[in-house]
Amino acid sequence: MNLKLVCTAVLTTVFATSSFAMTLEEYLQIVKKKNKVFSSLAASVEASNSKAVAGDVVLAPVLTAGYSLSTDKSLPSSIGDKREVSEYNLGVSKKFITGTTIGVSGKTDEFRNDTNFTTTPGLDKYSTGGLGVTLQQSLWKDFFGAGTRIRQDLDRTINQIETVNLDLQMRAALFDAESTFWDYTVADEDLKLQQANFDRAKKMEQWTSNRVTNGISDRADLMNVRALAALREVQLSTAQDEIKMQEAKFREYLELADGEPTPVATGDIMQARNYMAQLSKNKDVIKMDAYLSSLQAKSKKLVADQIGDLYKPDLALLASYNTSSYDREYSEMTKNIAKTDRPRTFIGVNFTWMFDTDAKLATINSAQKDALASKYAAERAITLGKIAWSDLQRKYETTSKNVLTLEKVAKFQRERAKAEQDKFGKGRTITSNVVLAETDAAEAEVNLLRAKSGLRKLEASSILFIAL
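Going letter by letter, the sequence shown gives residues 36 to 503 in our numbering.
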């Protein structure tokens with residue numbers, strides 16, 4: 036089924052069953068399915084996995100086949116004025132993980148010479164052919180596949196680096212998406228809070244105005260309350276602008292069309308997530324970018340090993356065995372092509388060594404020093420990555436306690452504001468006390484919202500850490 040249709044169906048189901056409400060889990064699920072950033076990263080992961088497998092293409096069997104027809108009328112010649120040769124060849128070779136290359140082949144040649152000028156009897160027409168096996172094995176460089184294993188380890192490590200890096204990018208995008216969810220949720224709650232504060236301030240303004248008209252309160256009380264109402268109006272306007280901005284970002288992650296309504300975020304800002312709790316049970320937890328540094332150091336070490344192996348002297352064993360068949364008739368020659376009564380054998384060794392020039396030594400030393408520097412950087416990154424996890428846990432614990440404290444503060448300030456309003460209604464307090472209590476209560480509510488949002492974002496940032 037088309038991905039777009041699936042996402043549309045999911046959205047329709049969510050909106051229909053939740054009255055346009057959307058939980059955090061539903062939101063993240065749709066973001067991962069519908070947002071192009073995640074689709075791009077998923078495709079990149081698949082490409083990296085395919086590239087890692089493609090490194091073994093050098094181990095794939097290779098088929099060779101050929102046909103050639105040659106005509107030769109050059110001089111001098113002892114077998115005829117015109118010589119023609121038809122050649123057919125077929126072979127398969129394969130390099131194995133041990134570094135051994137084995138090939139099997141077959142070859143036939145059909146000779147036709149101009150009989151009017153042939154000086155050697157019986158050579159006017161004849162055919163030759165044979166089957167062969169060849170073997171080549173490095174005794175130093177790639178002995179039993181040492182070089183091949185280094186390349187495979189490097190390919191796997193590079194794939195791991197790319198996969199972890201893409202996973203980190205995906206997690207960072209998810210963290211941003213979840214932060215947007217909480218920002219939108221907080222902005223919505225803040226708008227409701229500011230609207231309620233503004234409504235109360237307007238009621239106080241109306242009530243105080245009536246008291247001034249009746250001579251119960253003086254004009255200074257009215258101006259004090261009106262200043263509070265004006266402040267609440269500014270705060271409401273700011274909250275309205277904030278919700279518009281956060282809604283735009285929220286819609287952007289969901290990739291909603293212009294005509295689609297914005298769902299209501301219904302995340303419980305006080306509900307803890309399981310990921311951080313599960314992660315805390317592990318002994319060694321670090322930031323993913325620190326783990327990425329350790330993989331990069333490993334790849335640099337493998338690159339240095341590969342370069343060192345490339346410039347090592349080599350002693351290669353070469354061996355071959357071929358049958359031979361000869362007859363005037365091509366058909367008879369092919370019948371006897373597999374006979375082993377007249378074989379051709381070859382065995383030898385081949386030594387190669389690049390002189391230790393400055394360029395060669397500089398290449399090897401550069402790779403080794405680069406690997407060493409990457410190792411030191413990775414060790415430092417691992418240490419900092421562990422410290423970052425400890426800092427996150429400390430901040431999370433502190434913020435959790437602060438949220439509980441701010442809940443109490445907000446509750447006390449709400450009760451204080453209500454009590455001051457009751458006293459003011461009975462004429463037992465002054466207006467400034469009521470205004471101060473209202474201001475303190477509003478600030479306590481805002482501080483609580485921000486602390487709750489910060490707590491959820493801290494918890495969400497744990498997705499950027501992994502256990503070793």
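All residues carry an ideal CB built from backbone N, CA and C; glycine is no exception.
Smallest Cα separation from residue i: which of the options?
i: Asp-444; options: Arg-429, Asn-482 and Tyr-102; result: Residue identity differs from the one stated: residue 444 is Val in this sequence, not Asp. Ranking Arg-429, Asn-482 and Tyr-102 by Cα distance to Val-444 puts Asn-482 first.
i: Ser-497; options: Gln-456, Asp-457, Lys-421 and Phe-459; result: Lys-421
i: Ser-366; options: Ala-56, Ser-162, Ser-74 and Lys-67; result: Ser-162
i: Gly-182; options: Thr-358, Met-239 and Thr-135; result: Thr-135
i: Tyr-123; options: Met-205, Gly-343 and Ser-103; result: Ser-103
i: Ala-8; options: Ile-342, Asn-245 and Ala-262; result: Residue coverage of the chain in this structure runs from 36 to 503, which leaves residue 8 outside it and unanswerable.
i: Phe-73; options: Thr-433, Lys-458 and Met-205; result: Met-205
i: Asp-144; options: Ile-193, Arg-363 and Leu-201; result: Arg-363
i: Ala-262; options: Phe-447, Gln-275 and Ser-244; result: Ser-244
i: Ile-321; options: Met-57, Ile-501 and Glu-81; result: Ile-501
i: Lys-487; options: Asp-116, Arg-118 and Val-221; result: Val-221
i: Leu-266; options: Glu-240, Met-280, Gly-250 and Ser-401; result: Glu-240
i: Ala-332; options: Asp-223, Ser-272 and Ala-402; result: Ala-402
i: Asn-371; options: Asn-148, Leu-63, Trp-388 and Gly-141; result: Gly-141
i: Trp-217; options: Glu-295, Thr-301, Asn-249 and Asp-393; result: Thr-301
i: Val-66; options: Val-470, Glu-287, Lys-108 and Val-139; result: Glu-287
i: Thr-433; options: Gly-489, Thr-192 and Ala-264; result: Gly-489
i: Arg-449; options: Ala-477, Ala-307, Leu-484 and Asp-349; result: Ala-477
i: Arg-451; options: Leu-503, Val-469 and Val-438; result: Val-469
i: Lys-117; options: Ser-105, Asp-149 and Gly-90; result: Asp-149
i: Ile-399; options: Lys-347, Asp-376 and Asn-249; result: Lys-347
What separation, rounded to the nearest whole angstrom, lies between the Cα atoms of residue i and residue j?
i: Lys-374; j: Gly-165; result: 9 Å
i: Lys-453; j: Asp-303; result: 27 Å
i: Val-269; j: Ser-83; result: 52 Å
i: Phe-285; j: Ser-79; result: 25 Å
i: Val-41; j: Glu-277; result: Only weak support exists for where Val-41 lies, its pLDDT of 42 falling under 50; the coordinates are left without a value.
i: Leu-407; j: Ile-132; result: 29 Å
i: Lys-176; j: Ser-128; result: 20 Å
i: Lys-492; j: Asp-475; result: 26 Å
i: Gln-195; j: Phe-386; result: 36 Å
i: Ser-54; j: Glu-61; result: Bear in mind that a pLDDT of 43 at Ser-54, under 50, signals an unreliable position, so the model cannot answer this.
i: Ser-85; j: Thr-198; result: 11 Å
i: Glu-480; j: Ala-212; result: 25 Å
i: Ser-435; j: Ala-423; result: 18 Å
i: Ser-214; j: Asn-259; result: 38 Å
i: Lys-238; j: Glu-442; result: 26 Å
i: Leu-499; j: Met-323; result: 6 Å
i: Ala-87; j: Thr-440; result: 53 Å
i: Thr-169; j: Phe-390; result: 30 Å
i: Ser-121; j: Asp-344; result: 43 Å
i: Gln-172; j: Phe-146; result: 35 Å
i: Ala-495; j: Leu-209; result: 9 Å
i: Ile-417; j: Met-57; result: 38 Å
i: Lys-446; j: Lys-318; result: 39 Å
i: Leu-59; j: Ser-315; result: 22 Å
i: Leu-226; j: Leu-76; result: 36 Å
i: Gly-180; j: Leu-174; result: 10 Å
i: Ser-328; j: Leu-228; result: 46 Å
i: Pro-378; j: Gly-167; result: 9 Å
i: Lys-130; j: Ile-137; result: 6 Å
i: Leu-471; j: Asn-309; result: 41 Å
i: Phe-381; j: Thr-358; result: 12 Å
i: Tyr-326; j: Arg-415; result: 11 Å
i: Gly-383; j: Met-368; result: 29 Å
Under the criterion of a Cβ to heavy atom distance below 7 Å, does residue i qualify as lining the ligand SAH?
i: Ala-354; result: With respect to small molecules bound, the structure shown includes none, and the ligand SAH cannot be examined in it.
What residues match up with residue i in a beta bridge as DSSP calls it?
i: Gln-172; result: Thr-135 and Leu-352
i: Lys-130; result: Thr-136
i: Ile-193; result: DSSP lists no partner for Ile-193.
i: Asn-400; result: Paired residues: none, contrary to the question.
i: Arg-429; result: Looking at the DSSP assignment, Arg-429 forms no beta bridge with any residue, so it has no partner.
i: Ile-321; result: Ile-501
i: Arg-118; result: Asp-107 and Asn-148
Would you say residue i lies against chain D (beta-carbon separation less than 8 Å)?
i: Gln-64; result: Going by chain labels, chain D is absent from the structure shown, which holds only one protein chain.
The beta strand (DSSP E) spanning residue i covers which residue range?
i: Ala-264; result: Not the beta strand (DSSP E): Ala-264 falls in the alpha helix (DSSP H), residues 254-289.
i: Thr-106; result: 97-107
i: Asp-523; result: Because the chain in this structure spans residues 36 to 503, residue 523 falls outside the shown range and cannot be described.
Looking at the secondary structure, which residues open and close the alpha helix (DSSP H) in which residue i lies?
i: Phe-73; result: 71-89
i: Asn-385; result: No alpha helix (DSSP H) holds Asn-385; the beta strand (DSSP E) holding it covers 379-387.
i: Glu-367; result: 365-370
i: Ala-373; result: Premise fails: Ala-373 is in no alpha helix (DSSP H) and is neither H nor E.
i: Tyr-346; result: Careful: Tyr-346 lies outside any alpha helix (DSSP H) and carries neither H nor E.
i: Gln-313; result: 309-314
Worksheet item: Per the contact definition of three or more C-beta pairs closer than 8 Å, is the segment 422-439 in contact with the segment 351-361?
Response: no
Practice prompt. Pair every Cβ in the segment 230-243 with every Cβ in the segment 287-301, then say whether three or more of these pairs are closer than 8 Å.
Written response: no
Worksheet item: Would you call the segment 97-111 and the segment 334-346 in contact, with 3 or more CB pairs under 8 Å?
Response: no
Worksheet item: Per the contact definition of three or more C-beta pairs closer than 8 Å, is the segment 184-193 in contact with the segment 242-256?
Response: no
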